[in-house]
Amino acid sequence: MKQPRSLQVIGITIVALLMFPVSGATLQQKPPESAPRVLKNLQDSFVEISEKAMPTVVHLTSERLPLKNMQDKMNEDLFKMFPFPPHIAPDQFRALAAGSGVIVDKRGYILTNNHLVDNSELIKVKLSDPETGRSKEYDGKVMGRDPATDLAVVKIEPDQPLPEARFGDSTQLKVGDWAIAIGDPFGFEKTVTVGVISGLGRSGFPGPLKDVRYQNFIQTDASINPGNSGGPLLNINGEVIGINTFIQAAGTGLGFAIPSAMALEVYQQLVEHGEVIRGFLGVQIGDLDEGLAEALKVPDLNGALVEQVIPDSPAAVAGLRHGDVVRAVDGQHVETSKMLQQLIAHKKPGQMVELKVLREGQQKTFAVELVKFPTKLAAMEPIERKTALGLAVEELPAEMRQAGMTGVIVDSVVPGSPADRSGLAQGDIILEVNMKEVNDVRTFQQVLASLQPGQWVSFYVKRGDVTLYRAVKIPVE
């Protein structure tokens, strides 16, 4: 990739300053005005990039359906832009979201964030004419959404062909590369901020991002604020290398963007199919640590640990078990759980894949026919489900099972719920329900489902080093 002249000049100048001491002779060879000239060239590059990119960035607002409760809104909006006053019932309002988008196709196809348009009833897209300074507003229609990556495509019907953004290759990024963000933070349209790529491959963000299963974010210190989401992150060539998505916290300088390679792949599927079609294996996976690797007889920390196999899933049909460690997919080495997740996501439903697995130190090979990824995560992940009693349980971590422990672990308890009033607490391990052993979440749910409203149910619980009983009355609906 050819570097712009301004960067070449910077590089040459820095090398010269490092190699030669400053002296009278040196100053005569390099007049003082050379340094300002370099900075002026760099400044001109940023100006040129901004002017060319701005017409491809749109301002987007959406009006959402009435919300059921305040907490839904607070959890849903990544930036928590418009919380309702606590004394006013939220169903009296319609929630507003504002952000940015990138024109990908001159026919009016715009790439933005899913969290900006999710559940929207009305979408408005505003374009600015850089020559006249005037703006025009269009009605937007959602062509497809992908909550798993927080991306969406919105379509408008323009009067004439629109300027298209140029996309770069995010797989070639390096920490320290220039990064330029454009968007409408806090309603200040066409704001430009400059920084560098601070990190790559960031993942593991909880909270509102927990439903974004495919996390592989670019980190940047280019200032990103509410309203920037959905806008472009550019490289020094003016190419889109990411879609700005969220900030860790206001004022921290930690902004994150979806890589352009992922964004373009999702965009193409949303335009073509209205959804992203991914392969589904049917396992919950995690990473190995030294203790687990030793216990499972794995020679190193490479691989994805199968923590749970979804019943009747392709993995279950093929014979995978919890405790298996997936080391390769179709001959491609698997280093982490995230890598396995991404490899399977790129496969198509109906495709056969070969998995190399370590089971108790022995290598096994499984042929698995993938199916289409379920529309809703809950349809394939029976791990953490709240009950009418007001508690959520999960499978025991693999290390506990390896130590011979049984039961399910309480993940959370709703304050004021029957479970809370009985004294059940987060971290409790439920061994029995009504004198029946529960070794997994499915059994726990089956036992509860067999009980009647108004009936008392006993829980035999391990809490730390002690075991105790708690009784809860199933509420009558």
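The sequence shown runs 502 to 978 under our numbering.
Don't be surprised by glycine CBs; every beta carbon is placed ideally from N, CA and C.
Measure the CB-CB distance between residue i and residue j and report whether it falls below 8 angstroms.
| i | j | result |
| --- | --- | --- |
| Val958 | Val973 | yes |
| Leu821 | Pro850 | no |
| Leu806 | Leu782 | no |
| Leu765 | Phe668 | yes |
| Asp670 | Ala762 | yes |
| Ile463 | Ala794 | Residue 463 lies beyond the residue range present for the chain, which begins at 502 and ends at 978; the question has no answer from this structure. |
| Arg964 | Asp929 | yes |
| Glu638 | Arg565 | no |
| Gly702 | Thr692 | no |
| Phe867 | Ala819 | yes |
| Leu841 | Val827 | yes |
| Pro686 | Asn717 | no |
| Asp722 | Gly696 | yes |
| Gly609 | Val559 | no |
| Leu797 | Ile742 | no |
| Gly824 | Ala899 | yes |
Assuming residue i contacts residue j (C-beta within less than 8 angstroms), just tell me the rounded distance between them.
| i | j | result |
| --- | --- | --- |
| Lys607 | Pro537 | With 8 angstroms as the limit, Lys607 and Pro537 do not qualify as a contact, their Cβ atoms being about 40 angstroms apart. |
| Leu735 | Ile975 | With a Cβ gap of about 57 angstroms, Leu735 and Ile975 do not count as contacting. |
| Val676 | Ile657 | Not confirmed; about 36 angstroms, so no contact. |
| Val962 | Ile931 | 6 angstroms |
| Gln809 | Leu755 | About 32 angstroms; that fails the 8 angstroms criterion. |
| Ala846 | Arg779 | 5 angstroms |
| Val784 | Ile811 | 7 angstroms |
| Leu856 | Val869 | 6 angstroms |
| Ile624 | Ser563 | 5 angstroms |
| Val934 | Val948 | 5 angstroms |
| Ser730 | Leu617 | 6 angstroms |
Across which residues does DSSP place residue i in a beta bridge pair?
| i | result |
| --- | --- |
| His560 | Ser601 and Lys627 |
| Ala805 | Val827 |
| Thr692 | Gly684 |
| Ile497 | The chain is shown only over 502 to 978; residue 497 falls outside these bounds and no answer can be derived. |
| Tyr610 | Asp606 and Lys656 |
| Thr866 | Lys857 |
| Tyr970 | Tyr961 |
| Asn745 | Ala758 |
| Gln785 | Gln809 |
| Val697 | Trp679 |
| His834 | Ala829 |
| Tyr715 | Paired residues: none, contrary to the question. |
Under 6 angstroms Cβ to Cβ from residue i, same chain only, skipping five residues before and after it: list those, please.
| i | result |
| --- | --- |
| Thr907 | Asn940 |
| Thr672 | Ala762 |
| Pro587 | At Pro587, the pLDDT of 42 sits below 50, so the modelled position is not reliable and the matter cannot be decided from this model. |
| Gly732 | Val558, Ser601, Ile683, Gly684 and Asn745 |
| Lys569 | Below a pLDDT of 50, predicted positions are generally treated as unreliable, and Lys569, at 46, falls in that range; the measurement from the model is reported next regardless. Within the same chain, Lys569 has no close Cβ partners at all. |
| Gln864 | none |
| Glu577 | Confidence at Glu577 is low in this model, with a pLDDT of 46, below 50, so the placement of that residue should be treated as unreliable; the coordinate-derived value is given next. Excluding residues within five positions, none has a Cβ falling inside 6 angstroms. |
Going by CA-CA distance only, name the one from the options that's closest to residue i.
| i | options | result |
| --- | --- | --- |
| Gly634 | Met555, Val772, Asp712 and Arg703 | Met555 |
| Gly705 | Thr837, Pro898, Ser918 and Leu597 | Thr837 |
| Ala758 | Ala764, Gln769, Thr746 and Glu766 | Thr746 |
| Gly645 | Thr613, Met936, Ser629 and Val894 | Thr613 |
| Leu628 | Lys553, Gly917 and Pro659 | Pro659 |
| Ile910 | Ala893, Gly731, Arg922 and Ile748 | Ala893 |
| Asn738 | Gly917, Leu543 and Val818 | Leu543 |
| Gly924 | Phe960, Val948 and Glu896 | Phe960 |
| Asp803 | Gly787, Asp813 and Pro815 | Checking the displayed sequence, the identity of residue 803 turns out to be Asn instead of Asp. Answer by Cα proximity: Gly787. |
| Val799 | Ala889, Tyr610, Gly862 and Gln842 | Gly862 |
| Ile600 | Val835, Leu897 and Glu690 | Here residue 600 is Gly; the residue named in the question, Ile, does not match the sequence. Of the candidates Val835, Leu897 and Glu690, the one whose C-alpha sits nearest the C-alpha of Gly600 is Glu690. |
| Gly917 | Gly891, Gly792 and Phe718 | Gly891 |
| Val548 | Thr694, Leu617 and Gln833 | Thr694 |
| Gln927 | Gln946, Leu897 and Leu949 | Leu897 |
| Glu552 | Val626, Val539, Lys541 and Asp630 | Asp630 |
| Gln833 | Asn729, Arg971 and Leu844 | Leu844 |
| Arg943 | Asp813, Gly792 and Ser546 | Asp813 |
| Pro919 | Gln864, Ala904, Met936 and Arg971 | Arg971 |
| Gln852 | Val835, Lys839, Pro815 and Pro875 | Pro815 |
| Tyr715 | Asp640, Gly905, Lys839 and Met936 | Lys839 |
Using a Cβ-Cβ cut-off of 8 angstroms (strictly less than) and excluding sequence neighbours within five positions of residue i, which residues of its own chain qualify?
| i | result |
| --- | --- |
| Pro648 | Asn615, Asp619, Asp712 and Val713 |
| Glu665 | Thr557, Ile604, Val605, Asp606 and Lys607 |
| Leu771 | Met644, Gly645, Arg646, Asp647, Leu652, Ala653, Val654 and Val777 |
| Glu977 | First, the amino acid is wrong: residue 977 is Val here, not Glu. Within the same chain, Val977 has close Cβ partners Pro954 and Gly955. |
| Ala817 | Gly783, Val810 and Ile811 |
| Leu952 | Asn935, Val958 and Ile975 |
By Cβ distance below 7 angstroms, which residues in the same chain neighbour residue i in space, the five residues on each side in sequence not counted?
| i | result |
| --- | --- |
| Lys873 | Ile778, Phe781 and Pro850 |
| Pro522 | Here the model assigns Pro522 a pLDDT of 47, short of 50, so the residue's position is not dependable, and the following value carries that caveat. None. |
| Glu740 | Arg667, Phe668 and Gly669 |
| Ala889 | Ile975 and Pro976 |
| Gln749 | Leu755 |
Report yes or no: is there a C-beta of chain C within less than 8 angstroms of the C-beta of residue i?
| i | result |
| --- | --- |
| Ser636 | Protein chains in the displayed structure number just one, and chain C is not present. |
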